[in-house]
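2 protein chains.
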Amino acid sequence: MGLGEATLRNHGRPPTVIDVAEACGLSTATVSRVLNGLVASVAPETAQRVIEAARSLGYTPSAIGRSLRQSETRIVVLLVPDLTNDFCADVAMSLEKALQLGGLSMVLCNTAEKPEQQDRLLADAESLRPRGIVLLGAMDTPRLRAMAQTARPFIFINRRPPPPIKAPYVGIDNKAAGRAVAAHLLERGHTGIAIIHGPRKNSASRSRLEGFLGRIAEHGIDPASVIQIESALTTEAGYGHGRELLSRGQPPRAIFCGNDMIAYGIYRAAQERGVSVPGGLAIVGFDDNGINAWLAPWLTTIRVPAVDFGPAVASLLNEKNTARRESEVILPFELTVRSST
Amino acid sequence: MGLGEATLRNHGRPPTVIDVAEACGLSTATVSRVLNGLVASVAPETAQRVIEAARSLGYTPSAIGRSLRQSETRIVVLLVPDLTNDFCADVAMSLEKALQLGGLSMVLCNTAEKPEQQDRLLADAESLRPRGIVLLGAMDTPRLRAMAQTARPFIFINRRPPPPIKAPYVGIDNKAAGRAVAAHLLERGHTGIAIIHGPRKNSASRSRLEGFLGRIAEHGIDPASVIQIESALTTEAGYGHGRELLSRGQPPRAIFCGNDMIAYGIYRAAQERGVSVPGGLAIVGFDDNGINAWLAPWLTTIRVPAVDFGPAVASLLNEKNTARRESEVILPFELTVRSST
DNA sequence: GAGCTAAATGTAAACGTTGACATTGGTTGT
DNA sequence: ACAACCAATGTCAACGTTTACATTTAGCTC
Numbered sequence: 149m150g151l152g153e154a155t156l157r158n159h160g161r162p163p164t165v166i167d168v169a170e171a172c173g174l175s176t177a178t179v180s181r182v183l184n185g186l187v188a189s190v191a192p193e194t195a196q197r198v199i200e201a202a203r204s205l206g207y208t209p210s211a212i213g214r215s216l217r218q219s220e221t222r223i224v225v226l227l228v229p230d231l232t233n234d235f236c237a238d239v240a241m242s243l244e245k246a247l248q249l250g251g252l253s254m255v256l257c258n259t260a261e262k263p264e265q266q267d268r269l270l271a272d273a274e275s276l277r278p279r280g281i282v283l284l285g286a287m288d289t290p291r292l293r294a295m296a297q298t299a300r301p302f303i304f305i306n307r308r309p310p311p312p313i314k315a316p317y318v319g320i321d322n323k324a325a326g327r328a329v330a331a332h333l334l335e336r337g338h339t340g341i342a343i344i345h346g347p348r349k350n351s352a353s354r355s356r357l358e359g360f361l362g363r364i365a366e367h368g369i370d371p372a373s374v375i376q377i378e379s380a381l382t383t384e385a386g387y388g389h390g391r392e393l394l395s396r397g398q399p400p401r402a403i404f405c406g407n408d409m410i411a412y413g414i415y416r417a418a419q420e421r422g423v424s425v426p427g428g429l430a431i432v433g434f435d436d437n438g439i440n441a442w443l444a445p446w447l448t449t450i451r452v453p454a455v456d457f458g459p460a461v462a463s464l465l466n467e468k469n470t471a472r473r474e475s476e477v478i479l480p481f482e483l484t485v486r487s488s489t
Numbered sequence: 149m150g151l152g153e154a155t156l157r158n159h160g161r162p163p164t165v166i167d168v169a170e171a172c173g174l175s176t177a178t179v180s181r182v183l184n185g186l187v188a189s190v191a192p193e194t195a196q197r198v199i200e201a202a203r204s205l206g207y208t209p210s211a212i213g214r215s216l217r218q219s220e221t222r223i224v225v226l227l228v229p230d231l232t233n234d235f236c237a238d239v240a241m242s243l244e245k246a247l248q249l250g251g252l253s254m255v256l257c258n259t260a261e262k263p264e265q266q267d268r269l270l271a272d273a274e275s276l277r278p279r280g281i282v283l284l285g286a287m288d289t290p291r292l293r294a295m296a297q298t299a300r301p302f303i304f305i306n307r308r309p310p311p312p313i314k315a316p317y318v319g320i321d322n323k324a325a326g327r328a329v330a331a332h333l334l335e336r337g338h339t340g341i342a343i344i345h346g347p348r349k350n351s352a353s354r355s356r357l358e359g360f361l362g363r364i365a366e367h368g369i370d371p372a373s374v375i376q377i378e379s380a381l382t383t384e385a386g387y388g389h390g391r392e393l394l395s396r397g398q399p400p401r402a403i404f405c406g407n408d409m410i411a412y413g414i415y416r417a418a419q420e421r422g423v424s425v426p427g428g429l430a431i432v433g434f435d436d437n438g439i440n441a442w443l444a445p446w447l448t449t450i451r452v453p454a455v456d457f458g459p460a461v462a463s464l465l466n467e468k469n470t471a472r473r474e475s476e477v478i479l480p481f482e483l484t485v486r487s488s489t
């Protein structure tokens, strides 16, 4: 049997194009042509012979060999800050799906919001020579700046590339979203407002804060009267800040959270202190995690179309000269009003 | 400047080990030795020269070249059925973390529980020549059987390898878990029991069902009186079955769900019909998603240590002869009793 | 100082694939 | 009959890295 033979000769390694060529008495070039669908210049019965030989040997082309020859892999690297965050998971899944359609594979790495880890992962990514590198929630690190000058396509999601770097961006209009939340809270007559936002280093957090405070100011309220807290984007952090805020002499009556996770934590803190929502405290989240529909049907939040991010990124990657293009895809958001405001 | 020179010569491609060798006037062998930490047989000042040249050129070794030479990549492929499921996300994240420590990268693919898609992805995975292939919730497909005979390490999570295949397995004792849930419900005096389980094709679902019914029978109840429903493991499916069950003339008074997602759906259906939990209906989930602590603090469920799966899988991958070894890692589960029972 | 050893470095082949170019043999046009 | 062409297939180099083996050099010993 051919299979045994090849296995033997290759010392346990998978069969190569040479094995297939020998098995069907043709050259490697012809085998390659057939297997890559260049059937135009191959006789039909020859093609058939190749296909049968490949099948009987259980041949699968080596992506390594192909990549080396073409000096290009079919891999895209995605860096996320936290996969347990629903939003990240949705983006990751939608990107993987979109890439699958184009025959690309996705390497997923978790930066855990740690700059050093991001740099380590960027180095690993670089050595993979991927088709592109996608950063969800990028941090401004030395290696990022260094690598951004490369020809390799970089795409930023949710947080814009740090200033000197020019690269495509996919996200929403965070400033407008911040304004929308402020407008909503003001319209409902809420005062005593607090905002628990993400790291100021991130363009997304900054823009939301800016939009939010801007709208507040327009309404004639002193933005300085708004309690501003910089926080990690986790339930635990939200819960901690919630307890602290609610134990103040004059606790806030409305809180705008950097994401839904924080909002969950705040909600828990409010419940524990017997503060009613929205009567005693209004809460607004951000992202509208898919699970909200089932488990947090009370949460007013900004719906971000996470599953649309993947296709948008994939199509940017397929464009020519993606690297140099400073294109932007701004996706629509939507204020989802529920009972927490 | 060296950088410009190399860039020019390579026509925009990243610098290679040859560029570095030329830049420091040494051979590629020496460069390779230094960069791979074989410092033992290289003079210290020579090593320094190499390192500086590499740095000034911005050299990053190509994983492709290395892989080709060593006919082995540093990639592990993980196939999951649904990344929006918290449990899958936790496993994926913990595996990625564990692999990172060993310098491995993780390619993540979504099978969406579709057999054809799993087979397509398995073919892609094979061509990547990964260090190992990890299947979370594997389906029994032709290609899986074919590939399992390969020397390449396969590891099964949560669902055992389909019978003829021998491969390492990481999971919990599903039968015991099923028994534990039954014991708990019986102890609380619940009758009129239903079970909404995952696909019967999967060993995990089957074992749970078996353990559950076994324990019921031991209690003197006819297992045939238990309503059994095979279902997809999603909130939507749970909600649908919940509505149907609760609209029956004699609705069940206790439901054991295949995972927490289904339980969320059931809960919603119960709320909508005004059925109290656990008074009118007891609900038990499975997995204990991390978000439960915050958003579903009412759900009695089996806690599966998702974040321990990654390290367990990683250590199996690092063992020698992983492929042939039929090892098993059975992780502990825990019945988390909350107010839904 | 010849002979030996060990340290430091160099040489070259191999990994699997593809595609530019070369070759073969047959067919058409004049 | 000869050139020109076309279709089908083959040859071979290149992609970037690592490593077995070869070579050089310096430091010893007797």
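In order, the protein sequences belong to chains Z and L. The opening residue of the first sequence carries number 149 in our numbering; numbering runs sequentially from there. The opening residue of the second sequence carries number 149 in our numbering; numbering runs sequentially from there. From the three backbone atoms N, C-alpha and C, an ideal C-beta is built for every residue, glycine too. Everything numeric in this text was worked out from a predicted model, so none of it was measured.
According to the Cβ coordinates, are residue i and residue j closer than 8 Å?
i	j	result
HIS405 of chain Z	GLY359 of chain Z	In the sequence under discussion, the amino acid at residue 405 of chain Z is Cys, which differs from the His named in the question. No, these two residues do not count as a Cβ contact at 8 Å.
GLY413 of chain Z	TRP446 of chain L	no
THR176 of chain L	VAL165 of chain L	yes
ARG284 of chain Z	THR489 of chain Z	Residue identity differs from the one stated: residue 284 of chain Z is Leu in this sequence, not Arg. Result no, Cβ atoms of LEU284 of chain Z and THR489 of chain Z do not sit closer than 8 Å.
ASP272 of chain Z	THR289 of chain Z	no
PHE125 of chain L	ASP435 of chain L	Residue 125 of chain L falls outside the range modelled here, since chain L spans only 149 to 489, and no answer is possible.
MET241 of chain L	THR232 of chain Z	yes
LEU429 of chain Z	ARG396 of chain Z	no
ARG293 of chain L	PRO312 of chain L	yes
ILE403 of chain Z	ALA385 of chain Z	no
ALA417 of chain L	GLY390 of chain L	yes
VAL224 of chain Z	VAL282 of chain Z	yes
ARG222 of chain Z	ARG279 of chain Z	yes
GLU378 of chain Z	HIS345 of chain Z	yes
Any C-beta of chain L sitting closer than 8 Å to the C-beta of residue i?
i	result
TYR412 of chain Z	yes
SER189 of chain Z	no
LEU394 of chain Z	no
VAL165 of chain Z	no
ARG494 of chain Z	Chain Z is shown from 149 up to 489; residue 494 of chain Z falls before or after that span and cannot be answered.
ALA352 of chain Z	no
Hey, does residue i have any beta-carbon neighbour from chain Z nearer than 8 Å?
i	result
GLU244 of chain L	yes
TRP446 of chain L	no
ASP238 of chain L	yes
ARG348 of chain L	no
VAL485 of chain L	no
ARG293 of chain L	no
THR383 of chain L	yes
ILE439 of chain L	yes
THR449 of chain L	no
ARG421 of chain L	no
THR221 of chain L	yes
GLY160 of chain L	yes
LEU231 of chain L	yes
ALA299 of chain L	yes
Which first and last residues belong to the beta strand (DSSP E) in which residue i is found?
i	result
ASN258 of chain Z	253–258
ASP435 of chain Z	430–435
ARG451 of chain L	448–451
GLU474 of chain Z	GLU474 of chain Z -> no beta strand (DSSP E), and no H or E assigned at all.
ILE142 of chain Z	Since the first residue of chain Z shown is 149 and the last is 489, residue 142 of chain Z is not available in this structure.
THR489 of chain Z	Counting along the chain, THR489 of chain Z falls outside any beta strand (DSSP E), and DSSP gives it neither H nor E.
Alpha helix (DSSP H) containing residue i: first to last residue?
i	result
GLY458 of chain Z	454–466
GLU264 of chain L	263–276
ALA299 of chain Z	No alpha helix (DSSP H) holds ALA299 of chain Z; DSSP gives it neither H nor E.
ASN440 of chain L	440–443
*Of all the residues that make up the segment 267–288 of chain L, which are near chain Z by a beta-carbon distance shorter than 9 Å?*
ARG268, LEU269, ALA271, ASP272, ALA273, GLU274, SER275, LEU276 and ARG277
*Output, in sequence order along the chain, the residues in the segment 252–265 of chain Z whose CB is closer than 7 Å to any CB in chain L.*
SER253, MET254, VAL255, LEU256, CYS257 and ASN258
_If the cut-off is 9 Å on Cβ atoms, which residues from the segment 168–183 of chain L count as contacting chain Z, listed in chain order?_
Within the segment 168–183 of chain L, no residue has a Cβ that lies closer than 9 Å to any Cβ of chain Z.
*Curious, which full-length alpha helix (DSSP H) runs of at least 4 residues does the segment 320–369 of chain Z contain?*
322–335 and 351–366
_Please give the ranges of any beta strand (DSSP E) in the segment 161–244 of chain Z, keeping only runs that are unbroken, at least 3 residues long and fully inside the region._
223–228
*Between the segment 187–219 of chain L and chain Z, which residues of the former have CB atoms less than 9 Å from a CB of the latter, in chain order?*
GLY206, THR208, PRO209, SER210, ALA211, ILE212, GLY213, ARG214, SER215, LEU216 and SER219
*Please specify which runs of the beta strand (DSSP E), each continuous and at least 3 residues long, are wholly inside the segment 374–435 of chain L, giving them in chain order.*
375–378, 402–405 and 430–435
*Select from the segment 358–384 of chain Z all residues with a C-beta closer than 7 Å to any C-beta belonging to chain L, and list them in chain order.*
THR383
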